[in-house]
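A.B. asks: In the numbering used here, the protein residues as written are -1 to 518. C-beta: ideal position from N, C-alpha, C; glycine also. Bear in mind that the values here come from a model prediction, so they are computed numbers and not experimental data.
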Ligand SMILES: Cc1cc2nc3c(=O)[nH]c(=O)nc-3n(C[C@H](O)[C@H](O)[C@H](O)COP(=O)(O)OP(=O)(O)OC[C@H]3O[C@@H](n4cnc5c(N)ncnc54)[C@H](O)[C@@H]3O)c2cc1C
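(1) Would you call the CB atoms of residue 275 and residue 57 closer than 8 angstroms?
(2) Does ligand 1 have even one heavy atom less than 7 angstroms from the beta-carbon of residue 93?
(3) Could you say which of 46, 151, 432, 73 lies nearest to residue 314 if we only look at CA atoms?
(4) Examine the Cβ distances between the region 244 to 261 and the region 279 to 288 and report whether three or more of them are shorter than 8 angstroms.
(5) Determine contact between the region 485 to 495 and the region 436 to 451, defined as no fewer than three beta-carbon pairs at a distance below 8 angstroms.
(6) On the DSSP letters alone, give me the boundaries of the alpha helix (DSSP H) that residue 375 sits inside.
(7) Taking only heavy atoms of ligand 1 into account, decide whether any of them is closer than 7 angstroms to the Cβ of residue 379.
(8) On the DSSP letters alone, give me the boundaries of the beta strand (DSSP E) that residue 247 sits inside.
(9) Across which residues does DSSP place residue 307 in a beta bridge pair?
(10) Tell me residue 201's beta-bridge partners as DSSP assigns them.
(11) Using the C-alpha atoms, what's the distance from residue 317 back to residue 178?
(12) Restricting to Cα atoms, I'd like to know which of 434, 435, 267, 229 is closest to residue 356.
(13) Examine ligand 1 and report whether any of its heavy atoms sits within less than 7 angstroms of the Cβ of residue 207.
(14) What are the partner residues of residue 289, as DSSP defines its beta bridges?
(15) If you draw a straight line from the C-alpha of residue 51 to the C-alpha of residue 299, how long is it?
(16) What do you get for residue 506, buried or exposed, if any count of 16 or more other CB atoms within 10 angstroms of its CB means buried?
(17) Apart from the five residues just before and just after residue 421, which ones in its own chain have a Cβ nearer than 7 angstroms to its Cβ?
(18) Among the residues of its own chain, which have a CB less than 7 angstroms from the CB of residue 134, if the five just before and after it don't count?
(19) Does any heavy atom of ligand 1 sit closer than 7 angstroms to the C-beta of residue 14?
(20) List the endpoints of the continuous beta strand (DSSP E) containing residue 261.
(21) Whole angstroms are fine: how far does the CA of residue 470 sit from the CA of residue 454?
(22) So residue 427 is in the alpha helix (DSSP H); what residue range does that whole segment cover?
(23) With a CB to CB cut of under 8 angstroms and the five nearest residues on each side skipped, what residues in its chain are close to residue 406?
(24) Once DSSP output is grouped into helix, strand and coil, what is the label at residue 508?
(25) Please classify residue 156 as buried or exposed, where buried requires at least 16 other C-beta atoms within 10 Å of its C-beta.
(26) Please work out which residues of its chain come closer than 7 angstroms, Cβ to Cβ, to residue 125, disregarding the five sequence neighbours upstream and downstream, and give them in chain order.
(27) Count the other CB atoms, across all protein chains shown, that sit within 10 Å of the CB of residue 0; report buried if there are 16 or more and exposed otherwise.
(28) Given this structure, state the Cα-to-Cα distance separating residue 7 from residue 35, to the nearest angstrom.
(29) In terms of alpha-carbon separation, which member of 93, 75, 308, 359 lies closest to residue 122?
(30) With a 10 Å radius around its C-beta and 16 neighbouring C-beta atoms as the bar for buried, classify residue 175 as buried or exposed.
(31) State buried or exposed for residue 449, treating a residue as buried only when at least 16 other CB atoms are found within 10 Å of its CB.
(32) Whose CA, out of 93, 333, 296, 196, lies closest to the CA of residue 513?
(33) State the Cα-Cα distance for the pair residue 515 and residue 105, rounded to the nearest angstrom.
(34) Inspect the beta-carbon positions of residue 240 and residue 333 and report whether they are closer than 8 angstroms.
(35) Using the beta-carbon count (16 or more within 10 Å), is residue 164 buried or exposed?
(36) Rounded to whole angstroms, what is the Cα-Cα separation between residue 137 and residue 277?
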């Protein structure tokens, strides 16, 4: 389905059952939920799908060991159930990841073994594996690069791992295949109202500048940290409901971990959690939790955040990563639900539970939550939309809905495993035109066919879409991604029938962005 075919569906006279603003995890979850219940649904994203927080996570499908320690058992139960469902519905993207919590004090091993056994029990039949204590010898066999001084062992536990932006694009495909209409680069600028009630939105196509007035029975505001901006468009006096909190990750070479096991540090010097997770042949280290006042699409990383991550990692790894080892650094903003008592306090203590708020105009807004719980958030949001718009009640079917790309027993050692059943399509492209099989970068596993595929089947419109989210080149190696940009632009221009000026503009724009992911 081409973008212009989807745009043609925005018939100004038609009334949609549901319009969803925001193409991140939350909006996409609600969109799939609404369309599979049979509602005529339109999703509008101002930039590219998952460009915001939803492509900047720690890439974990998890119950949240940390929330267990905080006593938020309901949240953990909910997330563990969703973790299990996601593994069943998107086995090409979600893997069972082993984690070790290293122990340097006598009480760590028994304490975390008990806690994690409880975590396993909460997962019930959707359990990923048994948590067990490991000796020092076994610990070092699994992660040989751990700091050895005073190490007395570790505790093994299991959680899920995934590719956030790839899940996002697969959800867009699932949504469209089920009859939904989604458009990226289509910003909602305002609301249309009748007698004080919202009856649609005004949206602007970023590519043509064309304005659309689109009617709908109900509108969902799923704009993450931008939720308050949308609320203000509806009511200039609306109270702030979001408390953005920044999390930074750095990406380093796999040699620092030399393992398929991930490392979990349950309590850093300031009481946070730090992960070192193997991902696409690299290691992701993070994250931080710093309150921010303003929502931005490209958050800035501070030196303090980088130093904190490097310093903490150095305490647990025998080879200390330095700034020179950083391949890429990225930051995201958690759209946390502001606590009732006001916007002070530490963001790490704010519950990650989602909240749904209905305005007097009938606008429904959703905040908080996690990638892991996106499906359940979608289910709750659509239940609310059905009530507000008095839509005919229909049962949710998403618990058992296979996500686009679904393929059981995917060979995860294939570097392009994340395409799932679409891998065959990419291979066919290469068979038809063997030069498309050439690597743009062999170490990062990006070939020319993937660029063509991203344009033809994954709604990629800009070089950034391909290098940052359809492939993850930008966050795996920002410097290398800059080198690839001209060739990617050339392939895309050919596919999109655009000229050399477009190519040059794209490369310039991309370089400006990618520099922000580099550390000097
Ligand atoms: C550092 C960090 C690590 C995390 N790690 C994990 C993890 O490992 N596992 C996990 O389960 N969760 C994790 N999370 C949480 C998870 O990533 C978020 O809860 C989730 O991505 C939020 O999705 P969202 O759709 O609400 O927001 P977003 O992804 O930000 O989406 C909102 C979208 O709305 C769009 N938008 C805004 N205004 C408009 C407009 N006017 N018109 C059209 N579109 C608009 C934006 O462009 C954006 O794409 C992490 C979060 C952070 C910050």
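C.D. replies: According to the structure shown:
(1) yes
(2) no
(3) 151
(4) yes
(5) yes
(6) In the DSSP assignment, residue 375 falls within the unbroken alpha helix (DSSP H) covering 372 to 387.
(7) no
(8) 240 to 251
(9) Beta-bridge pairing links residue 307 to no other residue.
(10) 186, 210
(11) 50 angstroms
(12) 229
(13) no
(14) 243
(15) 14 angstroms
(16) Residue 506 should be labelled exposed.
(17) 414
(18) Result list for residue 134: 149, 150, 151, in chain order.
(19) no
(20) 260 to 263
(21) Roughly 18 angstroms separates the two Cα atoms.
(22) Element bounds for residue 427: 421 to 430.
(23) The residues 89, in chain order, have a CB closer than 8 angstroms to that of residue 406 in the same chain once the five nearest residues on each side in sequence are set aside.
(24) helix
(25) buried
(26) 118
(27) exposed
(28) About 20 angstroms.
(29) The residue with the shortest Cα to Cα distance from residue 122 is 75.
(30) Per the 10 Å Cβ criterion, exposed.
(31) buried
(32) Nearest of 93, 333, 296, 196 to residue 513, Cα basis: 296.
(33) Linking residue 515 to residue 105 through their CA atoms gives a straight-line distance of about 39 angstroms.
(34) yes
(35) With 16 or more other Cβ atoms within 10 Å, it is buried.
(36) 20 angstroms
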